[in-house]
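Taken in sequence, the protein lines are chains B and H. Numbering-wise, numbering that gives the first Met the number 0 puts 146 at position 147 of the first sequence, and it's gapless, one number per residue. Numbering-wise, numbering that gives the first Met the number 0 puts 310 at position 311 of the second sequence, and it's gapless, one number per residue. Let me begin by presenting the structure, written as structure tokens, before commenting on it.
Number of protein chains: 2
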Amino acid sequence: MGSVRNILFVMCDQLRADTLGCMGHPTIKTPYIDALARRGVRFTRAYCQAPVCGPSRMSFYTGRYMTSHGAHYNDVPLRADEWTMGDYLRPLGLRVGLVGKTHFAMDREGFARLGLDHQTPAGKLAAECGFEGWERDDGLHPDQAARRDLAYNVYLRAQGYEGDNPWHSAANSAAGPNGEVLSGWEMRHANLPARVDKAHSETAYMTDRAMAMIAALGDTPWLLHLSYIKPHWPYMAPAPYHALYQAADLPPANRSDAERAAPHPVVGAFMQHDESQAFARDEVRERVLPTYMGLVTEIDDHIGRLMRFLEQQGRLGDTLLVFTSDHGDYLGDHWLGEKELFHEESARIPLIIVDPDPAADSARGSECDALVESLDLIPTFLEVLGGNPEHQRLEGRSLLPFLHGASAAGWRDAAFSELDYAWRRARLILERTPSEARAVMIRTARWKYVSYDGFPPQLFDLEADLLEQQDLGQAPEHASLRAELEARIADWARHRKLRLTMSDDIIARRTDTARQRGILFGQW
Amino acid sequence: MGSVRNILFVMCDQLRADTLGCMGHPTIKTPYIDALARRGVRFTRAYCQAPVCGPSRMSFYTGRYMTSHGAHYNDVPLRADEWTMGDYLRPLGLRVGLVGKTHFAMDREGFARLGLDHQTPAGKLAAECGFEGWERDDGLHPDQAARRDLAYNVYLRAQGYEGDNPWHSAANSAAGPNGEVLSGWEMRHANLPARVDKAHSETAYMTDRAMAMIAALGDTPWLLHLSYIKPHWPYMAPAPYHALYQAADLPPANRSDAERAAPHPVVGAFMQHDESQAFARDEVRERVLPTYMGLVTEIDDHIGRLMRFLEQQGRLGDTLLVFTSDHGDYLGDHWLGEKELFHEESARIPLIIVDPDPAADSARGSECDALVESLDLIPTFLEVLGGNPEHQRLEGRSLLPFLHGASAAGWRDAAFSELDYAWRRARLILERTPSEARAVMIRTARWKYVSYDGFPPQLFDLEADLLEQQDLGQAPEHASLRAELEARIADWARHRKLRLTMSDDIIARRTDTARQRGILFGQW
Numbered sequence: 000m001g002s003v004r005n006i007l008f009v010m011c012d013q014l015r016a017d018t019l020g021c022m023g024h025p026t027i028k029t030p031y032i033d034a035l036a037r038r039g040v041r042f043t044r045a046y047c048q049a050p051v052c053g054p055s056r057m058s059f060y061t062g063r064y065m066t067s068h069g070a071h072y073n074d075v076p077l078r079a080d081e082w083t084m085g086d087y088l089r090p091l092g093l094r095v096g097l098v099g100k101t102h103f104a105m106d107r108e109g110f111a112r113l114g115l116d117h118q119t120p121a122g123k124l125a126a127e128c129g130f131e132g133w134e135r136d137d138g139l140h141p142d143q144a145a146r147r148d149l150a151y152n153v154y155l156r157a158q159g160y161e162g163d164n165p166w167h168s169a170a171n172s173a174a175g176p177n178g179e180v181l182s183g184w185e186m187r188h189a190n191l192p193a194r195v196d197k198a199h200s201e202t203a204y205m206t207d208r209a210m211a212m213i214a215a216l217g218d219t220p221w222l223l224h225l226s227y228i229k230p231h232w233p234y235m236a237p238a239p240y241h242a243l244y245q246a247a248d249l250p251p252a253n254r255s256d257a258e259r260a261a262p263h264p265v266v267g268a269f270m271q272h273d274e275s276q277a278f279a280r281d282e283v284r285e286r287v288l289p290t291y292m293g294l295v296t297e298i299d300d301h302i303g304r305l306m307r308f309l310e311q312q313g314r315l316g317d318t319l320l321v322f323t324s325d326h327g328d329y330l331g332d333h334w335l336g337e338k339e340l341f342h343e344e345s346a347r348i349p350l351i352i353v354d355p356d357p358a359a360d361s362a363r364g365s366e367c368d369a370l371v372e373s374l375d376l377i378p379t380f381l382e383v384l385g386g387n388p389e390h391q392r393l394e395g396r397s398l399l400p401f402l403h404g405a406s407a408a409g410w411r412d413a414a415f416s417e418l419d420y421a422w423r424r425a426r427l428i429l430e431r432t433p434s435e436a437r438a439v440m441i442r443t444a445r446w447k448y449v450s451y452d453g454f455p456p457q458l459f460d461l462e463a464d465l466l467e468q469q470d471l472g473q474a475p476e477h478a479s480l481r482a483e484l485e486a487r488i489a490d491w492a493r494h495r496k497l498r499l500t501m502s503d504d505i506i507a508r509r510t511d512t513a514r515q516r517g518i519l520f521g522q523w
Numbered sequence: 000m001g002s003v004r005n006i007l008f009v010m011c012d013q014l015r016a017d018t019l020g021c022m023g024h025p026t027i028k029t030p031y032i033d034a035l036a037r038r039g040v041r042f043t044r045a046y047c048q049a050p051v052c053g054p055s056r057m058s059f060y061t062g063r064y065m066t067s068h069g070a071h072y073n074d075v076p077l078r079a080d081e082w083t084m085g086d087y088l089r090p091l092g093l094r095v096g097l098v099g100k101t102h103f104a105m106d107r108e109g110f111a112r113l114g115l116d117h118q119t120p121a122g123k124l125a126a127e128c129g130f131e132g133w134e135r136d137d138g139l140h141p142d143q144a145a146r147r148d149l150a151y152n153v154y155l156r157a158q159g160y161e162g163d164n165p166w167h168s169a170a171n172s173a174a175g176p177n178g179e180v181l182s183g184w185e186m187r188h189a190n191l192p193a194r195v196d197k198a199h200s201e202t203a204y205m206t207d208r209a210m211a212m213i214a215a216l217g218d219t220p221w222l223l224h225l226s227y228i229k230p231h232w233p234y235m236a237p238a239p240y241h242a243l244y245q246a247a248d249l250p251p252a253n254r255s256d257a258e259r260a261a262p263h264p265v266v267g268a269f270m271q272h273d274e275s276q277a278f279a280r281d282e283v284r285e286r287v288l289p290t291y292m293g294l295v296t297e298i299d300d301h302i303g304r305l306m307r308f309l310e311q312q313g314r315l316g317d318t319l320l321v322f323t324s325d326h327g328d329y330l331g332d333h334w335l336g337e338k339e340l341f342h343e344e345s346a347r348i349p350l351i352i353v354d355p356d357p358a359a360d361s362a363r364g365s366e367c368d369a370l371v372e373s374l375d376l377i378p379t380f381l382e383v384l385g386g387n388p389e390h391q392r393l394e395g396r397s398l399l400p401f402l403h404g405a406s407a408a409g410w411r412d413a414a415f416s417e418l419d420y421a422w423r424r425a426r427l428i429l430e431r432t433p434s435e436a437r438a439v440m441i442r443t444a445r446w447k448y449v450s451y452d453g454f455p456p457q458l459f460d461l462e463a464d465l466l467e468q469q470d471l472g473q474a475p476e477h478a479s480l481r482a483e484l485e486a487r488i489a490d491w492a493r494h495r496k497l498r499l500t501m502s503d504d505i506i507a508r509r510t511d512t513a514r515q516r517g518i519l520f521g522q523w
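Pasting the structure below:
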């Protein structure tokens, strides 16, 4: 057992892995996050299990692949009997709390079928993705659905911001020349400052709430999932973050005429989405990306504030720190907006972990290029805290060896990610039924292969073509490689952890024991 | 809507598809079951989803493949939120009751996690596989675990049979020359009559109980799952059934020296099991099989009694009748005992369905060779009763077209079955971990292919070699066929119904609707 008692699990939403100073971005300023990287390990090949908020998060929270936990998209309820982070960590004595976004949807039908009372302690937890909801806020509150009594709205009004939904009118809108509200939902306003003071932004507020939880818990061990909505759209930042960066600070877009001329059918359908059409215009990138970067630097400032607070509280020495994101953001690369598909801009995630234990000293500041998946976090937490990282429901593996500068024998040689685009216009464009809109990505040390239902595959050579500009999905010389990767996906699909109610250990103890139990078959 | 209001769903345990007169057995007498076949449709290529009681039954009861419902073996709990037959049928107004065996194990851990009270009505049902337990009896009661207050034990004592466990000492044992109890657990006693009168046997008792439930429900619509333990071992029949058949009545064993000399590694390991070693001896077959056949004829007599009762109750005209089994029994064929593997003797099941509706008149007495799976039953029941046979959890398809003599457009061209032998000595012999002991069978119109984890496949040409004597799993000329069948299994594995909490219909309604909900991404 090391010195870790607490876990601060920070997630951003839609933060691209490459949009941090420590991950090689040429212009962005993220000094506090870079400082985390110097104190810990930076994973350069970490992938989310599905490049969409809901399913990606359910993989983080359950430790299982998308088609294992079954919540394939935003707002798809998680089955009532899927275990989540808290189910693993509470038995180890931690309070497991949430501040921010989970995108969890409760399985109301499943609860009703079981006659479950979600006012009981167990029911309340199961209804909140297994977290104590210190501050639950899924982050998007369009006027037509926003709650006036949303905690953040109440807070903003207490600070003097008016209206039913200051989340929109103050934190995610700018002021026009005549004082009119210019909505952040419209990207042409992204260069303007939000109508909220930086001290009252969503990022600031959630950081405040995280500190309040940490202070309130004192010496009780905890996991705090601090889950920022930003830099997710609406792309709107408070001053001065709206104006920190200019078009000249942007790396060039990763896109080519060839990509646009002959796209893969599914990619081509996604290129027809509004967000892709918008980000295909340089004007949009140049208006939005500086603000996207500003929102990241704003988060960075609050990470600095949070670290100072942890130090004051005496928690730096006994708290494991995780900094990550649920997925990336195309931001116009490959002529795409948003996420969902599997290019590095979308499927790769930032992941920095700081283990305060002296055993981790030799690895501080190192980078790790092992193929890592978001579902490795729960096993990591369990191993750090002395639990069982090999629980029969968990499909990942503990990262602790990497945190301690050791090698991990037999580490996976491929990472997987999944897509179900049933909910997107691309499906209608492609005339697929809701059950026919899936894809699986496998990423090995050198190759990325995407197997689509009903369409040809994609193949990229990430050694020769890290920008993924050359799709080898039809290249005759790679036919046997594609067959091999397809077989790897098949093997993976057949060996998911779906036998959840009995562990291998129990099976091993029961093997060939019928006779001892008096069940005497086959006896003459 | 047809005339069906009730469903009598009769299952035998370990009844081979070929051990019925109407299925071509040369000597057995099953006149009442044959009469059902004349009134309904006999399915000649019906397969169970796993040739082991527990997982096969959970597939019948959930309408899902073994690795979808996750209960891979006997006594593996079914996840608390898997739906079962009653969840689909109760909303249609049926009482859904059980008399006999389910082999269901409750997910106690899952229930505890949710804080579920299984004394509530919903909890009680979920704890009993969704059935009202009019008489639950899983059928095997070794002395060391038997309950004195088991209903059948109480009943037997009331009839004058003595002891704590007359299930064993009376119903499943014979009397020796000096009055000693000769246990039915030992197959050498199989030729002797059970110490129970035929009026008090398990089969007789469960039939009595079924009739009591039907009488008690009167005109309330019902599904009754009458689930006999026989002809499952202990192979012990009451007089006169113990002596109806002799060795001369047995078909020859389906086994060859070649099979024994060079078995597939997994089959070879199963051949080392006690039951296989025993049944490899002609003496054992000749002692056991006549009694096995007698137990089937005993069931047949009670099917006749039950049909007369239904007629008296006026229920023949509004009750759908299903007669099937959870799997077969090798009985020494292929040098194997028991079941689990995929030869026709094990994986194929008898299936006869009688639809009383006049729409079914043209199909009466017909045989159907479509590839049918046990998970087709729930969709059939739903269609017959006017429910939704395409519920997103259900992996089967309604058989109603076949019952009405129609063709079913686009019917499946392959059936699947699964094996997890983690619990068996074969795994230890083969030195596999509990997660490495799986296989999947695909059966097409012509071929049967079995894909094993860690071992070569098996392939049989069922047109040329219906007895499955010639394993083409290594035949060079079939390499591309094997690759094709392996790809079919991969496709099947990737497209299991695991997105359980949202239907395709809801997805279709929600597709591309973010804008209507005020979520305005990608807008300039």
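Just so it is clear, CB atoms sit at the ideal spot from N, CA and C, and this is done for glycine as well.
Taking just the CA atoms, how far does residue j sit from residue i?
i	j	result
Arg135/H	Ile228/H	11 Å
Leu526/H	Thr61/H	Outside the shown range of chain H (0 to 523) lies residue 526/H, about which nothing can therefore be said.
Ser416/H	Ser479/B	29 Å
Leu288/B	Ala203/B	21 Å
Ala513/H	Asp452/H	44 Å
Pro25/H	Trp184/H	28 Å
Taking the continuous alpha helix (DSSP H) assigned at residue i, which residues delimit it?
i	result
Val283/H	Asp281 to Gln311
Arg63/B	Per DSSP, Arg63/B belongs to no alpha helix (DSSP H) and is neither H nor E.
Ser275/H	Asp273 to Phe278
Leu347/B	Strictly speaking, residue 347/B in this sequence is Arg, with Leu absent from that position. Looking at the DSSP string, Arg347/B is not in any alpha helix (DSSP H); the run it does join, the beta strand (DSSP E), is Arg347 to Val353.
Report all residues from its chain with a CB closer than 6 Å to the CB of residue i; omit the five preceding and five following residues, and keep chain order.
i	result
Gly39/H	Ile351, Ile352 and Val353
Gly138/B	Lys100 and Ile228
His241/B	Pro192, Thr290 and Gly293
By a C-beta neighbour count over all protein chains shown, 10 Å radius and 16 as the cutoff for buried, is residue i buried or exposed?
i	result
Gln13/H	buried
Ile505/B	exposed
Ala70/B	buried
Pro120/H	exposed
Gln311/H	exposed
Asn177/B	exposed
What does a CB cutoff of less than 7 Å around residue i pick up in its chain, not counting 5 residues either side in sequence?
i	result
Trp491/H	Phe415
His199/H	Leu155 and Gln158
His102/H	Cys52, Gly53, Arg56, Asn73 and Asp137
The beta strand (DSSP E) that contains residue i, what's its start and end?
i	result
Leu319/H	Thr318 to Ser324
Leu458/H	Gln457 to Asp460
Asp12/H	Asn5 to Asp12
Arg487/H	Note, Arg487/H: premise wrong, no beta strand (DSSP E); alpha helix (DSSP H) at Ala478 to Arg493.
Note down, in chain order, each residue of its chain lying with its Cβ closer than 8 Å to the Cβ of residue i, except the 5 sequence neighbours on either side.
i	result
Arg481/B	Tyr448, Pro456, Leu458 and Gly472
task: Starting from the N-terminal side, write out each stretch of the alpha helix (DSSP H) that is 4 residues or longer and does not extend beyond the segment 30–54 of chain H.
output: 30–38
message: Could you tell me which whole beta strand (DSSP E) segments of length 3 or greater appear in the segment 373–447 of chain H?
response: 413–419 and 437–443
- prompt: What are the complete alpha helix (DSSP H) segments, minimum 4 residues, inside the segment 98–175 of chain B?
  reply: 107–112, 120–125 and 150–157
query: Which ranges would you report for the alpha helix (DSSP H) in the segment 190–267 of chain B if only whole runs of at least 4 residues count?
result: 201–216 and 256–260
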